[in-house]
Amino acid sequence: MTMSAVDVIRAKRDGHRLTDEQIDWVVDAYTRGAVADEQMSALAMAIFLNGMESAETARWTRAMVLSGDRLSLDVDRPTVDKHSTGGVGDKITLPLAPLVAACGAAVPQLSGRGLGHTGGTLDKLESIPGWRARLSLDEIMAQLSSVGAVVCAATEGLAPADRKLYALRDVTSTVEAVPLIASSIMSKKIAEGAEALVLDVKVGSGAFMKTLPQARELAAALVSIGVDHGLRISAMLTDMSVPLGVAVGNAVEVAESVDVLRGGGPADVVELTVALAREMLSLAGIDTDPAEVLASGKAYETWERMIRAQGGDPDAPLPVGGHKHVVTAPEDGVLATLDAYAVGVAAWRLGAGRARKEDPVQAGAGVLCLAKPGDRVEAGQPLLELRTDTPDAVPYALEALAGGYTVADSAVTPGPLVIDTIRG
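Heads up: the sequence shown begins at 8 in this note's numbering, then just goes up one per residue.
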C-alpha cells in the first residue's frame, strides 16, 4: 500500500485514528527526510488539536524507538531511571542518581538541556570544571559498571525521530500535546534500556502541566506506554508552584545538590530526593532505606566518583555570576507567594537558560530564593538575589518578577510536595 504524508495529515485533521501502518510509515519517512518539516508540522498540529487514542500513542512511541538504536544494559545491578517533566530549581537528578547508585542500583540517566524557564541537567553539570556530557556507549557501560550512575547526553543513535520532532514542536507551538510529550519522553527512556522507570510529573505554574487534571492525564499516558513496553513504571505527581529549594540556575543548583549529598540542603529538595529514591529502589527490588544512605555520606562519595569519571573536578570552585542584585521585601509581613514561573523566567533572562537550543548559557547566572512562602520578613529584608555576568539583563529579570511574589499578613498553608503516585 502506497503511503502519502497528505493522506496521514488529512486523516488526523479530520479526527480519525491513525492506523499502525500510517504511524510506522510517517515516523520512519520523517526520520529519513522523505516527509518535509512543513508536513510533519501540520501533522503535529492536527495531533495537538485532535489528540490520539492510547493505542495510537503507544504505536507512535514504538515507531520512535525503532527509528534508532536500543541500548542493552549488561550490568550486574538492577537498572532503574528517573525522568522529570521539568521545573524551576529542579536539580533532583544531581543528588538522586548517586544516591540510588549508592543503594545498589545502576542509574543510566540520559539527560537534556534547558529551554525557556525550565533548567537542563546537562547545563547544570557543565558548570563543573572539566565535566563532559558526551560519552560513547562503551564509556557509559564502563561507568555504569564501576560507579553505578552516569548522567550524560543521549547518544546520537537513540530515538533520532524524537530529536527531529522535538525541535519542530518547539517552533510550532505543539510542545504541550500530551501524546507527543508522552511519546517523546518514553521513546528515549525505552531506547535507553533500563528495566524500571520513575516519572516525576510536575504540576503548577512552573511546570508545563499547570493543573492537576492535565498532569494526571500526562502521567496516565506515560505509565500506560511503559506498561505496554514491559517496563516496571510509576509516576509521581509533584508540586511545582514554588521553586524547588533555594537555588535556580546552573552552578548554584550544583552547589545546593552537593549540600544535600553532604547531609544538608533545603528540606524540600531532600524530601523529594528521598521520595523518588524510595520509589526507584522499590521498582528495582532493592530493600534499602535511601535516607540512611544519604546520611552516611556514601551518596556523596558516589557523586565524586561519578563527576571524576566524566572528567570533572568535584573539588573545584564553581562559577559565580559577576554581578549581583538583591530584591528586598517591600513591607513587614509574611512572604505569601513566590511564583515558580516568574522566578524561572527571571533566571532565564539573567542567562541561566536559553530561548533556542543553540544559545549558550551562563554557568554562574541564576536566582537565590532567600525566603520561601510562609517565612516572616521585614521591610528591606533580602528576598531574592539575582546573579549574572550581563548586568543589562537585570531590568528584564525584574520585569519577569513583577507580581511574582507577595508579602501579606499571612500565607496559605502549602499542600504536599508529592501529590499522588500512579503505578503501572
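Note that beta-carbon positions come from the ideal geometry of N, C-alpha and C, so glycine has one too.
A Cβ-Cβ contact shorter than 8 Å links Ala201 with Val87.
Taking C-beta atoms under 8 Å as the contact rule, Pro297 and Cys110 qualify, at a distance of about 6 Å. Taking a C-beta distance under 8 Å as the contact criterion, Gly94 and Thr309 do not qualify as a contact pair. The beta-carbon distance between Gly387 and Gly328, rounded to whole angstroms, is 23 Å. This is too long to meet the 8 Å contact definition. With a beta-carbon spacing of about 7 Å, Leu251 and Leu279 fall inside the 8 Å limit used to define contacts. Take the alpha-carbon of Asn257 and the one of Met287: they are about 25 Å apart.
By the Cβ-count criterion, Pro389 is exposed, with fewer than 16 other Cβ atoms from all chains shown falling within 10 Å of its own Cβ. In the DSSP assignment, Lys331 falls within the unbroken beta strand (DSSP E) covering 330-335. One thing to note: Val157 has its Cβ within 8 Å of the Cβ of Pro115. By the neighbour-count definition (other C-beta atoms within 10 Å, threshold 16), Leu187 is a buried residue.
In the same chain as Ala49, and ignoring 5 residues on each side of it, the C-beta atoms closer than 7 Å to its own belong to Ile16, in chain order.
In the structure shown, Asp88 adopts extended strand secondary structure according to DSSP, grouped into three states.
In the DSSP assignment, Gly351 falls outside any beta strand (DSSP E) and lies within the alpha helix (DSSP H) extending over 347-354. A distance below 6 Å between beta-carbons, with the five flanking residues on each side excluded, links Gly119 to the following residues of its chain, in chain order: Gly127. Runs of beta strand (DSSP E) with 3 or more residues, each lying fully within the stretch 104-138, are found at 114-118, listed in chain order. Around the beta carbon of His124, a 10 Å sphere encloses 16 or more other beta carbons of the protein chains shown; the residue is thus reported as buried. In this structure Glu63 is buried. Its beta-carbon is surrounded by 16 or more other beta-carbon atoms within 10 angstroms. Scanning its chain for C-beta atoms nearer than 6 Å, with the 5 sequence neighbours on each side dropped, one finds around Pro136 the residues Asp320, Ala323, in chain order.
When DSSP states are grouped into helix, strand and coil, Ile188 belongs to the helix group. By a beta-carbon distance limit of 8 Å, Ser212 contacts Ser248. Their separation comes to about 5 Å. Comparing alpha carbon positions, the residue from Leu393, Gly75, Tyr412, Gly381 closest to Ala418 is Gly381. With a contact defined as Cβ atoms closer than 8 Å, Gly373 and Ala254 qualify at about 6 Å. Closest in C-alpha terms to Ala347, from the list Leu56, Glu385, Lys89, Gly96, comes Gly96.
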